[in-house]
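**Q** Residue numbers for the sequence shown follow the numbering used here, so the first one is 17 and each next one is one higher.
Got a structure for you, questions after.
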Amino acid sequence: MAGHETTATTLTWAFYCLANAPWAEAGILEELDRVCPGRSPTIEDVDQLDWCRAVVLETLRLYPPVPLLPRQAREADMIGDIPVKKGDLVMIAPWLMHRATDLWDKPTHFMPERFADGVKANPFVFFPFAVGPRICPGMNFGQSEAVLCLAILVQKFKVRPRAGYVAEPVCRLTLRPDGGLPVTAELRQKAAA
Ligand code: HEM
């Protein structure tokens with residue numbers, strides 16, 4: 017669950033988002049033409065794949081693979097006007113925080129440019145990898161892996177969900193489209209030919 021499903025669902029949602037944002041997919045292809053023309057991207061290219069990273073981060077904002085973080089209160093406290101007793105279970109929901117209208121401009125829109133040019137979001141507003149002492153230890157690995165896999169796959173394949181398909185997000189430990197994402201993957205060279 018920790019190391020595979022999280023990255024896999026990130027990629028699934030990224031393809032869903034890209035299918036509805038052709039300009040964002042065009043941005044990835046343009047970046048790949050610039051950074052690694054005529055060859056597959058490698059791990060050495062990841063630092064330069066800024067737009068791919070922005071697409072991954074915006075996907076993680078809209079569809080955080082871990083949408084709920086359970087925490088237990090060490091001591092009594094207040095959250096707003098809600099009293100919390102020592103030992104209470106508190107559910108923190110990136111799914112809601114990442115879409116809060118008072119924290120984000122157009123929260124339900126897919127806008128990778130929020131994260132372009134190395135812009136860093138407040139870690140207590142955007143936390144797909146959690147925050148604090150139990151932050152995901154695979155964060156940098158997972159992020160680089162997702163960026164590289166997305167770059168390799170987008171360069172090679174045109175991935176298109178079934179026409180008219182609308183995903184129903186469900187939480188089965190990780191957040192995923194109910195029933196899986198039905199897609200057709202077409203080799204780009206073949207598409208061009
Ligand atoms: C996009 C990819 C990933 C996302 C979104 C993600 C997200 C998270 C989140 C939110 C947590 C905290 C859960 C909680 O405290 O309730 C977590 C924990 C963890 N993650 Fe990841 N993760 C990803 C990739 C990875 C990878 C690639 C690895 C290993 C190579 C990994 C290993 C772990 C482990 C071992 C924990 C438990 C840490 C602990 O409890 O102290 N994750 N991850």
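Yeah, the Cβ is synthetic: ideal placement off N, Cα and C, and Gly gets one too.
Between the alpha carbons of Lys172 and Ala179, how many angstroms are there, rounded?
**A** C-alpha separation (whole angstroms): 21 Å.
**Q** Could you pull out every unbroken alpha helix (DSSP H) segment of at least 4 residues lying fully inside the stretch 99 to 126, listed in chain order?
**A** Runs of the alpha helix (DSSP H) inside the stretch 99 to 126: 110 to 113.
**Q** By the 10 Å Cβ neighbour count, where 16 or more other Cβ atoms means buried, how is Ile44 classified, buried or exposed?
**A** buried
**Q** What residues in its chain sit with their C-beta under 7 Å from that of Ala209, if we drop five residues either side in the sequence?
**A** For Ala209, the predicted structure reports a pLDDT of 48, less than 50, and the residue's modelled location is therefore unreliable. A value from the coordinates is still provided. Answer for Ala209: no residue qualifies.
**Q** How should Thr117 be labelled, buried or exposed, when 16 other C-beta atoms within 10 angstroms of its C-beta is the threshold for buried?
**A** exposed
**Q** Between Glu161 and Glu184, what straight-line distance do the alpha-carbon atoms span, to the nearest angstrom?
**A** Cα-Cα distance, rounded: 25 Å.
**Q** Any heavy atom of the ligand HEM closer than 8 Å to the Cβ of Phe140?
**A** Checking the Cβ of Phe140 against the ligand HEM gives no.
**Q** What is the DSSP secondary structure of Val135, reduced to helix, strand or coil?
**A** coil
**Q** Grab me the residues of Pro139's own chain with a C-beta within less than 8 Å of its C-beta, minus the 5 sequence neighbours each way, in chain order.
**A** Val147
**Q** Which first and last residues belong to the beta strand (DSSP E) in which Ile95 is found?
**A** 93 to 95
**Q** Who are the near neighbours of Ala18 in its chain, counting only those whose CB is closer than 7 Å to its CB and skipping five residues on each side?
**A** Gly154
**Q** Quick test of the definition: if touching needs 3 or more C-beta pairs under 8 Å, does the stretch 44 to 53 touch the stretch 104 to 120?
**A** Verdict: no, contact absent.
**Q** According to DSSP, is Phe173 helix, strand or coil?
**A** strand
**Q** Tell me whether Cys33 counts as near the ligand HEM, meaning its Cβ is closer than 8 Å to at least one heavy atom of that ligand.
**A** no
**Q** To the nearest whole angstrom, what separates the beta carbons of Phe142 and Ala37, a pair I think is in contact under 8 Å?
**A** That belief does not hold up - the Cβ atoms of Phe142 and Ala37 are roughly 19 Å apart, past 8 Å.
**Q** On the DSSP bridge list, what partners appear for Val186?
**A** Arg192
**Q** Express the C-alpha separation of Tyr32 and Gly195 in angstroms, rounding to a whole number.
**A** 14 Å
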